[in-house]
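Asker:
Numbering (the numbering used here), first residue to last: 25 to 397.
#1: Rank 386, 397 and 326 by C-alpha distance to the C-alpha of residue 300 and give the top, closest one.
#2: Should residue 178 go down as buried or exposed, given a rule of 16 or more other Cβ atoms within 10 Å for buried?
#3: Counting beta carbon pairs with one atom in the segment 243-253 and one in the segment 162-173, are three or more of them shorter than 8 Å?
#4: From this set, 251, 288, 391 and 94, which residue's C-alpha is nearest residue 54's C-alpha?
#5: Hey, how far is the Cα of residue 145 from the Cα of residue 118?
#6: For residue 224, is the classification buried or exposed, using 16 other Cβ atoms within 10 angstroms of its Cβ as the cut-off for buried?
#7: Can the beta-carbon of residue 351 be found less than 8 Å from the beta-carbon of residue 335?
#8: Residue 237 by DSSP, collapsed to three states: which one?
#9: In this structure, how does DSSP classify residue 159 when only helix, strand and coil are distinguished?
#10: Using the C-alpha atoms, what's the distance from residue 186 back to residue 123?
#11: For residue 422, which three-state DSSP category applies?
#12: In chain order, what residues of the same chain lie with their CB nearer than 6 Å to the CB of residue 52, ignoring the 5 residues before and after it?
#13: Which runs of the beta strand (DSSP E), 3 residues or longer, sit entirely within the segment 147-196?
#14: Can you tell me where the beta strand (DSSP E) with residue 91 in it begins and where it stops?
#15: Compute the distance between the beta-carbons of residue 93 and residue 71, then report whether it is under 8 Å.
#16: Could you tell me the alpha carbon to alpha carbon distance between residue 77 and residue 90, rounded to whole angstroms?
#17: To the nearest whole angstrom, what separates the beta carbons of residue 218 and residue 314, a pair I think is in contact under 8 Å?
#18: Is it buried or exposed for residue 254, if we count other Cβ within 10 angstroms and need 16 for buried?
#19: On a CA-only basis, which of 272, 279, 303 and 276 is nearest residue 288? Give me that one, please.
#20: Would a C-beta distance cut-off of 8 Å place residue 348 and residue 261 closer than the cut-off?
#21: Determine the extent of the alpha helix (DSSP H) in which residue 363 is found, giving its start and end residues.
#22: Can you tell me whether residue 357 is buried or exposed? The criterion is at least 16 other CB atoms within 10 Å of its CB, across all chains shown.
#23: Pairing CB atoms from the segment 206-214 with CB atoms from the segment 267-286, are three or more of them under 8 Å?
#24: Once you ignore the five residues that flank residue 47 on each side, which residues in its own chain have a CB closer than 7 Å to its CB?
#25: Would DSSP call residue 130 helix, strand or coil?
#26: Using a threshold of 8 Å, state whether the C-beta atoms of residue 306 and residue 345 are closer than that.
#27: How many angstroms separate the CA atom of residue 63 from the CA atom of residue 31?
#28: Closest to residue 279 by C-alpha separation, out of 270, 152 and 258, would be which residue?
#29: Counting beta carbon pairs with one atom in the segment 361-368 and one in the segment 193-211, are three or more of them shorter than 8 Å?
#30: Identify which residue in 57, 343, 354 and 393 has its Cα closest to the Cα of residue 374.
#31: Here's the rule I'm using: 16 or more other beta-carbon atoms within 10 Å means buried, otherwise exposed. How should residue 180 be labelled?
#32: In terms of residue numbering, what span does the alpha helix (DSSP H) encompassing residue 321 cover?
#33: State the DSSP-derived secondary structure class of residue 331, mapped to helix, strand or coil.
#34: State the DSSP-derived secondary structure class of residue 121, mapped to helix, strand or coil.
#35: Rounded to a whole number of angstroms, what is the C-alpha to C-alpha distance between residue 234 and residue 267?
#36: Relative to the alpha-carbon of residue 202, which residue among 190, 155, 238 and 293 has its alpha-carbon at the smallest distance?
Structural data, given as structure tokens:
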């Protein structure tokens with residue numbers, strides 16, 4: 025008789041199938057990497073997204089077992105200037121994790137986001153893993169400095185540190201965030217990136233019809249960034265053709281540069297098949313820019329700001345524009361220079377290969393750590 029596969033539990037506040045935004049893509053990929061290394065993966069879904077039978081069926085087909093806790097209204101914000109650590113984590117979810125750990129011989133419990141870290145309290149046998157996704161301590165100040173109203177979840181560095189110390193292992197999605205998290209916790213901190221396996225498309229030789237594309241969700245950081253690019257593109261001539269896809273298309277943005285709006289697409293490949301070059305004008309934010317990695321995985325050259333390539337190794341200055349105004353000029357240079365297009369294409373491929381090699385090694389290390397516990 026073959027021995028039973030090691031089993032882990034992932035706790036997620038976002039649906040995994042379909043993976044329509046960066047955080048759900050991250051969680052889906054994380055689970056699949058563990059499955060590829062021989063683990064059985066159960067998922068406990070705390071329903072904070074739209075929910076319907078088709079999504080449930082897709083998630084049940086993906087995971088060994090799917091457990092569901094219905095969403096609850098957030099508790100009242102417990103601090104005047106920021107959310108308390110556990111304001112978004114209901115007691116019912118914590119109790120469900122404890123019960124599942126009694127019922128199953130889990131080797132690890134993987135909780136997504138520090139604001140669900142209370143789910144790691146009261147469990148001793150499994151390895152307790154917290155995948156941070158982002159830095160949430162002092163996130164409000166980062167938003168304000170970028171000219172944005174603080175939104176979604178944000179807390180203090182001290183509250184975040186309390187949550188980190190509930191885990192045995194902390195996962196940072198990129199190296200710079202690992203460096204920030206290290207002094208905030210006694211737990212081990214690992215960098216485990218977001219893998220997007222290669223789906224290389226044929227190069228687009230005609231760069232004039234649909235030269236540039238932007239694909240993103242409608243979060244405030246993306247909206248502010250694309251507004252800034254729109255303004256930069258209208259200050260010089262001639263105008264550039266570009267297009268935009270994703271849920272950001274639902275935002276009422278008064279464009280002056282007249283992009284072609286593709287809307288929300290069922291298959292991201294439809295967007296990447298059209299775009300000769302992908303742009304990411306990210307001005308600020310935390311975490312890893314998953315859309316940058318996705319574009320690289322489709323074999324598309326990517327132009328971006330230094331923020332868009334944070335957590336990645338850049339091999340060309342066109343990947344690290346200091347400002348969005350600089351990025352607009354790089355776009356013009358790219359369109360007029362065949363040699364620049366060749367160089368950026370080569371650099372983008374190098375970035376992707378370097379990143380994926382590093383990320384696969386990190387998952388191997390994590391899998392060994394879970395098995396050896």
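The C-beta atom is built at its ideal place from N, Cα and C for all residues, glycine as well.
Answerer: According to the structure data:
#1: On the chain shown, residue 300 is found 276 positions in, with the first residue counted as 1. The candidate whose alpha carbon is nearest that of residue 300 is 326.
#2: To locate residue 178, count along the chain shown from 1; it is residue 154. Looking at its Cβ environment, which holds 16 or more other Cβ atoms inside 10 Å, residue 178 is buried.
#3: With a cut-off of 8 Å on Cβ pairs, the segment 162-173 is in contact with the segment 243-253, counting three or more such pairs.
#4: If you number the chain shown from 1, residue 54 lands on position 30. Per the Cα distances, 391.
#5: Here the question's residue 145 lines up with position 121 in the chain shown. Here the question's residue 118 lines up with position 94 in the chain shown. So the alpha carbons of these two residues sit roughly 8 Å apart.
#6: Position 200 of the chain shown, counted from the start, is the residue given in the question as residue 224. So residue 224 ends up on the exposed side.
#7: What you label residue 351 is simply residue 327 of the chain shown in a count that begins at 1. What you label residue 335 is simply residue 311 of the chain shown in a count that begins at 1. Result no, Cβ atoms of residue 351 and residue 335 do not sit closer than 8 Å.
#8: Against the chain shown, residue 237 aligns to sequence position 213. Three-state result, residue 237: strand.
#9: For the purposes of this step, residue 159 is taken as residue 135 along the chain shown, with counting starting at 1. Correct three-state label for residue 159: coil.
#10: Working through the chain shown from its first residue, we reach residue 123 at position 99. Working through the chain shown from its first residue, we reach residue 186 at position 162. Their Cα atoms are separated by approximately 23 Å.
#11: Nothing in the structure corresponds to residue 422, since the chain is present only between 25 and 397.
#12: Here residue 52 corresponds to residue number 28 of the chain shown, with the count starting at 1. Around residue 52: 40 and 43.
#13: Qualifying beta strand (DSSP E) stretches, in chain order: 151-155 and 193-196.
#14: Residue 91 sits at position 67 when you count from the first residue of the chain shown. Run containing residue 91: 89-94, per the beta strand (DSSP E) assignment.
#15: The residue labelled residue 93 in the question sits at position 69 within the chain shown. The residue labelled residue 71 in the question sits at position 47 within the chain shown. Contact: yes.
#16: Walking along the chain shown from the start, residue 77 turns up at place 53. Walking along the chain shown from the start, residue 90 turns up at place 66. Going from the Cα of residue 77 to the Cα of residue 90 covers about 13 Å.
#17: Working through the chain shown from its first residue, we reach residue 218 at position 194. Working through the chain shown from its first residue, we reach residue 314 at position 290. Sure, about 5 Å apart at Cβ, within 8 Å.
#18: The count along the chain shown starts at 1 and reaches residue 254 at position 230. Residue 254 is buried by the Cβ-count criterion.
#19: In the chain shown, residue 288 corresponds to position 264, counting from 1. It is 272.
#20: Working through the chain shown from its first residue, we reach residue 348 at position 324. Working through the chain shown from its first residue, we reach residue 261 at position 237. Not in contact: residue 348 and residue 261 (Cβ atoms no closer than 8 Å).
#21: As a position in the chain shown, residue 363 is number 339, starting the count at 1. Counting along the chain, the alpha helix (DSSP H) containing residue 363 begins and ends at 362-396.
#22: For this step, residue 357 is matched to residue 333 along the chain shown. Exposed, because fewer than 16 other Cβ atoms sit within 10 Å of the Cβ of residue 357.
#23: no
#24: Counting from one through the chain shown, the residue named residue 47 turns up at place 23. Within the same chain, Cβ atoms closer than 7 Å to the Cβ of residue 47 are found at 38 and 157, the five residues on either side in sequence being excluded.
#25: Translated into positions along the chain shown, residue 130 becomes position 106. Assignment of residue 130 by DSSP, reduced to helix, strand and coil, places it in the strand class.
#26: One-based indexing of the chain shown puts residue 306 at position 282. One-based indexing of the chain shown puts residue 345 at position 321. With contacts defined as CB atoms closer than 8 Å, residue 306 and residue 345 fail to qualify as a contacting pair.
#27: Taking the chain shown and counting its residues from 1, one reaches residue 63 at position 39. Taking the chain shown and counting its residues from 1, one reaches residue 31 at position 7. C-alpha separation (whole angstroms): 6 Å.
#28: On the chain shown, residue 279 is found 255 positions in, with the first residue counted as 1. Of all alpha-carbon atoms in 270, 152 and 258, the one lying nearest the alpha-carbon of residue 279 is that of 258.
#29: No: fewer than three Cβ pairs fall under 8 Å.
#30: Within the chain shown, numbered from 1, the residue matching residue 374 stands at position 350. The shortest C-alpha separation from residue 374 is found at 343.
#31: In the chain shown, residue 180 corresponds to position 156, counting from 1. Around the beta-carbon of residue 180, 16 or more other beta-carbon atoms lie within 10 Å, marking it buried.
#32: For the purposes of this step, residue 321 is identified with residue 297 of the chain shown, where counting begins at 1. Taken as a continuous stretch (DSSP letters only), the alpha helix (DSSP H) holding residue 321 covers 314-321.
#33: As a position in the chain shown, residue 331 is number 307, starting the count at 1. It is coil, neither helix nor strand.
#34: Residue 121 sits at position 97 when you count from the first residue of the chain shown. Note: residue 121 maps to helix in three-state DSSP.
#35: Counting from one through the chain shown, the residue named residue 234 turns up at place 210. Counting from one through the chain shown, the residue named residue 267 turns up at place 243. Using only the alpha carbons, I get a separation of about 7 Å.
#36: Mapped onto the chain shown, residue 202 falls at position 178. Residue 155 is the option with its Cα nearest to residue 202.
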